[in-house]
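Undergrad:
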Amino acid sequence: MRSLILLALVGLAAQLVDGSLGMAYGVTSSTLLLAIGTNPAAASATVHLAEIGTTLASGVSHWRFGNVDWKVVLRIGVPGAVGAFLGATVLSNLSTEAGTPVMALILLALGVYLLVRFTLFGLRTDRQHLPLRKRFLAPLGVFAGFIDATGGGGWGPVGTPALLASGRLEPRKVIGSIDTSEFLVSLAASLGFLWAIGSQGIDFTWVLALLIGGVIAAPFAAWLVRHIPPRILGSAVGGIIVLTNVRTLVRSDWVGWKNTPQEGLVLGVIAIVWVAAIVWSVRAYRADQAAARAEAVPVVEGEEKAAAPAV
1031 MRSLILLALV
1041 GLAAQLVDGS
1051 LGMAYGVTSS
1061 TLLLAIGTNP
1071 AAASATVHLA
1081 EIGTTLASGV
1091 SHWRFGNVDW
1101 KVVLRIGVPG
1111 AVGAFLGATV
1121 LSNLSTEAGT
1131 PVMALILLAL
1141 GVYLLVRFTL
1151 FGLRTDRQHL
1161 PLRKRFLAPL
1171 GVFAGFIDAT
1181 GGGGWGPVGT
1191 PALLASGRLE
1201 PRKVIGSIDT
1211 SEFLVSLAAS
1221 LGFLWAIGSQ
1231 GIDFTWVLAL
1241 LIGGVIAAPF
1251 AAWLVRHIPP
1261 RILGSAVGGI
1271 IVLTNVRTLV
1281 RSDWVGWKNT
1291 PQEGLVLGVI
1301 AIVWVAAIVW
1311 SVRAYRADQA
1321 AARAEAVPVV
1331 EGEEKAAAPA
1341 V
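Residues in the sequence shown are numbered consecutively from 1031, following this note's numbering.
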């Protein structure tokens, strides 16, 4: 019973982060399942089955709060489903341990870019009137879906920073669209796992526990993302990508620092930098708001004087 409650709490926390930052449900949940001895294919299958429900709830919540661009959902979600089905069948037959560090390096580079860009320069708005093209979204969807299924998570860590970096969609709609399209990815990945390995190794009570926690958190996460300023949101997303993928790298055979003091030191330094970046973003956002208010006051006073009748 304790393990089920723990899984439900993990599902709740993971969905709260995923729904507000556009990533981390699969990574968080899969990490826990692997830590207690579940094989990679069964762990990924369990998480994706739970995500069918959590992503549906999250998508509905984001839609109700106006966080979804449906064109983006379809253009990235359908190719993502294809990639996820392929990834599920590959993981069921092959080990992906060798490719994990390479993928972590790619995601780390994206995370560093987002962290620096949003912290120091804020949100780029000069491209938001431009559409996201199919030739960009379709390959991104296939790639992110494949990584999501093989890694037990990856749709958000790949898709969210790529769309944010494009500067063509405001952050809340990036997160809402990625979360909503993940329903198609989770459904396709689950079908792929069930076709390849059946229900072997999948504990459906665990699926239900993760699902319950995620569904409870989904509406609050969708509300939260509307109220976090884009600059702060970008710094938070970038930081979590950097921290997660540095952890993967230092624990890989490339570095071999798993459960060592060096690992704790590196992650501790990155966490401090991440917190400092968020604090910087908060202060910069407040300064920008104050400057905008200061610029608006003379304009209003000028209009009032112009409207006043001559005596």
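Ideal Cβ placement from N, Cα and C applies to all residues, glycine included.
Do you know offhand how far Ser1282's Cα is from Pro1291's?
TA: 15 Å
Undergrad: Can you tell me the Cα-Cα spacing of Leu1297 and Ala1266, whole angstroms?
TA: 16 Å
Undergrad: Closest by CA to Gly1264, which one among Leu1138, Glu1200, Val1102, Thr1180?
TA: Glu1200
Undergrad: Going by C-alpha distance, which of Leu1162, Thr1149, Trp1304, Leu1214 is nearest Trp1185?
TA: Leu1214
Undergrad: Judging by CA-CA distance, which residue of Gly1197, Ala1075, Gln1045 is the nearest neighbour of Leu1217?
TA: Ala1075
Undergrad: Going along the chain, which unbroken runs of the alpha helix (DSSP H) with 4 or more residues stay wholly within the stretch 1214 to 1268?
TA: You should have 1234 to 1257.
Undergrad: On a Cα-Cα basis, can you pick out the residue from Leu1238, Leu1145, Asp1233, Gly1228 that is closest to Thr1190?
TA: Leu1145
Undergrad: Ends of the alpha helix (DSSP H) at Val1188?
TA: 1185 to 1196
Undergrad: Between the stretch 1235 to 1252 and the stretch 1114 to 1125, are three or more C-beta pairs nearer than 8 Å?
TA: no
Undergrad: Measure the alpha-carbon distance for Val1341 versus Ala1326 and round it to whole angstroms.
TA: No answer about Val1341 holds up, because its pLDDT of 46 lies below 50 and its placement is not dependable.
Undergrad: How would you write the range of the alpha helix (DSSP H) that Val1103 sits in, first residue to last?
TA: Where Val1103 is concerned, the enclosing alpha helix (DSSP H) stretches over 1100 to 1121.
Undergrad: With DSSP as the reference, label Thr1210 as helix, strand or coil.
TA: helix
Undergrad: In whole angstroms, what is the alpha-carbon distance linking Arg1261 and Val1272?
TA: So the alpha carbons of these two residues sit roughly 17 Å apart.
Undergrad: 8 Å is my cut-off, CB to CB: does Trp1310 come that close to chain B?
TA: This model lacks chain B altogether; it includes just one protein chain.
Undergrad: Since Val1102 contacts Leu1162 with CB under 8 Å, what's their CB separation in whole angstroms?
TA: 6 Å
Undergrad: Quick one: measure Cβ to Cβ for Ala1134 and Thr1278, integer angstroms, because I've assumed they're closer than 8 Å.
TA: Between Thr1278 and Ala1134 the Cβ distance is about 4 Å, and since that is below 8 Å, they are a contact.
Undergrad: Going by Cα to Cα distance, which pick from Ala1072, Ala1248, Ala1174 is closest to Gly1110?
TA: Ala1174
Undergrad: Within 10 Å of its beta-carbon, does Phe1234 have 16 or more other beta-carbons around it, so buried, or fewer, so exposed?
TA: It counts as exposed.
Undergrad: I believe Leu1079 touches Ser1220 by the beta-carbon criterion, under 8 Å. Please report the beta-carbon distance rounded to the nearest angstrom.
TA: Sure, about 5 Å apart at Cβ, within 8 Å.
Undergrad: In whole angstroms, what is the alpha-carbon distance linking Ala1301 and Val1309?
TA: Val1309 has its alpha-carbon roughly 12 Å from the corresponding atom of Ala1301.
Undergrad: Between the C-alpha atoms of Val1142 and Val1303, what's the straight-line distance to the nearest angstrom?
TA: 11 Å
Undergrad: Applying the criterion that 16 or more other CB atoms from any shown protein chain within 10 Å of the CB defines a buried residue, is Ile1035 buried or exposed?
TA: exposed
Undergrad: In terms of alpha-carbon separation, which member of Val1245, Val1305, Gly1089, Val1112 lies closest to Gly1268?
TA: Val1305
Undergrad: Return the Cβ separation of Arg1198 and Asn1097 in integer angstroms, given the expectation that the two are a contact with Cβ distance under 8 Å.
TA: In fact, because the Cβ distance is near 16 Å, the residues do not count as touching under 8 Å.
Undergrad: Just how far apart, CA to CA, sit Leu1170 and Leu1193?
TA: 9 Å
Undergrad: Is Thr1084 near Leu1241, with beta carbons less than 8 Å apart?
TA: yes
Undergrad: Any idea if Arg1105 is buried or exposed, counting beta-carbon neighbours within 10 angstroms, 16 or more meaning buried?
TA: When all chains shown are included, Arg1105 counts as buried.
Undergrad: With distances taken from CA atoms, which of Trp1100, Gly1152, Ala1239 is nearest Ala1314?
TA: Gly1152
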